[in-house]
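Trainee: If you count by our numbering, then the sequence shown holds residues 420 to 807, one letter each, in order. Backbone N, C-alpha and C define an ideal beta-carbon position, used for all residues, glycine too.
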Amino acid sequence: MKLAERMSHIGTESAFEVLAKARALEKQGKSIIHLEIGEPDFPTPAHVVEAGQHALAEGWTKYGPTPGLPELRESIARYISRTRGISVAADNVCVVPGGKPIMYFGMTALLNPGDEVIYPDPSFPIYESLIHFLGAKAMPVPLVESRGFSFDLDTFEKSLSPKTKLVILNSPANPTGGVIPKEDLKKIADLLRDRDVIILSDEIYSRIYYEEKPESITQFPGMVEKTIILDGFSKTYSMTGWRLGYGVMPKWLADAVTLMAVNATSCTASFTQRAGLAALEGPQDAVDAMVAEFKKRRNTMVQALNTVPGFRCSLPAGAFYAFPNVTGTKMPSKALADFLLTEAGVACLNGAAFGQHGDGFLRFSYANSLANILEAIDRIKKVSTKWA
Ligand SMILES: Cc1ncc(COP(=O)(O)O)c(C=O)c1O
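What follows is the structure, encoded as structure tokens:
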């Protein structure tokens, strides 16, 4: 028996593969510092956990409405309206189990074979995986290191065609930590305003930034009408395992995403949604404390990475990843990542796992303690005689 033909076009996320490899080495007794995984190392805030526990005790253990609990959709609509400076309603909100299903449901609902999709390169590997899975045409647009990993806008413009159906933006970005500047977003909005395209604006790292607050493309005229905002609780509230995310989009698209959810999930866990409500409506000091800690680690990590022979790392403006250029080592970044795992006990990701233009870079997550970060860089320096 063979799998369906479409399975030969689907990709994966290599962070999980590297994590499995690292865990296998740990089982053999090797010490590994984990800088590969994209998840905050902080606990879910206590009041959110309590709300989840209460919800379980109160019986929020049954099916709920497919697009989400009304009180959570209302809360998300208020939150997005306030933080993005736009006006959206509960009708525009689809609550799903994590941010990822918004990609899967939204792209499946929109894309026909042959439709062109513009997306950043390097970027979250699931974008490209789903584009190929759905038979659409991948139109990666390189991110430029010297522009803080924003697009080259001329290349962006040249990639647009009458077949462009979807444009994916991600700011702050995985894997680069880059934030698209407001001027660039305005130009992109101007390029897209009169086109029949939808924008998938992945804003999952919207609260994790260290300089100016990242802007959403939806703040520019005519954009709310053609944008799916993807956001969620995984990163902001350290809730990766609760599986809670959402999309905010025009009603006709929300109806389509809801139909996909009826077919795939029925609904998102009800007690999880109650915890999400407490996260959005309750105190935000845990988020502020997490971001302040990330900022310290970012500064330390980038400074330390720049002392490794052959590494050059710019200061990321958001998310919790450093993305050094390692071409100075003259080692292919895949071989370098493997070498660092097996010889230095430092798990990181090859930049090329995020797209062709990530080749020559490594992604280090700083969702680990300052002590571990410093130890990791020390270990890397010790083995750098291999290339230095
Ligand atoms: C850019 C980006 N979007 C979406 C997600 C998915 O988030 P979730 O765990 O909520 O599905 C991630 C997770 O790593 C991400 O990096």
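Does D540 pass the burial test, meaning 16 or more other C-beta atoms within 10 Å, or should it be called exposed?
Mentor: buried
Trainee: Would you call the CB atoms of F742 and P735 closer than 8 Å?
Mentor: yes
Trainee: If you measure between the beta carbons of A474 and G596, is that distance less than 8 Å?
Mentor: The Cβ atoms of A474 and G596 do not sit closer than 8 Å to each other.
Trainee: For A434, is the classification buried or exposed, using 16 other Cβ atoms within 10 angstroms of its Cβ as the cut-off for buried?
Mentor: buried
Trainee: Which residue marks the beginning of the alpha helix (DSSP H) containing K715, and which one marks its end?
Mentor: 704–724
Trainee: Okay, do the segment 677–684 and the segment 699–710 touch, 3+ Cβ pairs below 8 Å being the bar?
Mentor: Output reads no: the segment 699–710 does not touch the segment 677–684.
Trainee: Using the beta-carbon count (16 or more within 10 Å), is E469 buried or exposed?
Mentor: exposed
Trainee: Could you spell out where the alpha helix (DSSP H) holding P539 opens and where it closes?
Mentor: Premise fails: P539 lies in the beta strand (DSSP E), 535–540, not in any alpha helix (DSSP H).
Trainee: Distance check for V560 and I796, CA to CA, integer angstroms please.
Mentor: 31 Å
Trainee: Is F524 helix, strand or coil by DSSP?
Mentor: helix
Trainee: Assign G666 to one of three DSSP states: helix, strand, or coil.
Mentor: strand
Trainee: Report the CB separation of L488 from Q692 in whole angstroms; it is logged as a contact under 8 Å.
Mentor: 5 Å
Trainee: Determine the DSSP secondary structure at T804, reduced to helix, strand or coil.
Mentor: Helix.
Trainee: Taking the alpha-carbon positions, what's the D613 to P486 distance?
Mentor: 30 Å
Trainee: Determine the extent of the alpha helix (DSSP H) in which K699 is found, giving its start and end residues.
Mentor: Inspection of the sequence shows that residue 699 is occupied by Leu rather than by Lys. 689–700 is the extent of the alpha helix (DSSP H) around L699.
Trainee: Is any non-hydrogen atom of ligand 1 found closer than 7 Å to the C-beta of T659, if you look at the structure I gave you?
Mentor: yes
Trainee: The alpha helix (DSSP H) spanning A470 covers which residue range?
Mentor: 465–477
Trainee: Can you list, in chain order, the residues of its chain whose CB lies under 8 Å from that of V765, leaving out five sequence neighbours each side?
Mentor: I451, I452, L454, L759, A795, R798, I799
Trainee: I want to check one thing, is the minimum distance from the CB of G478 to the heavy atoms of ligand 1 below 7 Å?
Mentor: no
Trainee: With DSSP as the reference, identify every bridge partner of P561, one or two as the case may be.
Mentor: D540
Trainee: Ignore the nearest five residues each way along the sequence and tell me which others in G770's own chain have a CB closer than 7 Å to its CB.
Mentor: P541, P594, F742, S752, G777, D778, G779, F780, L781, R782
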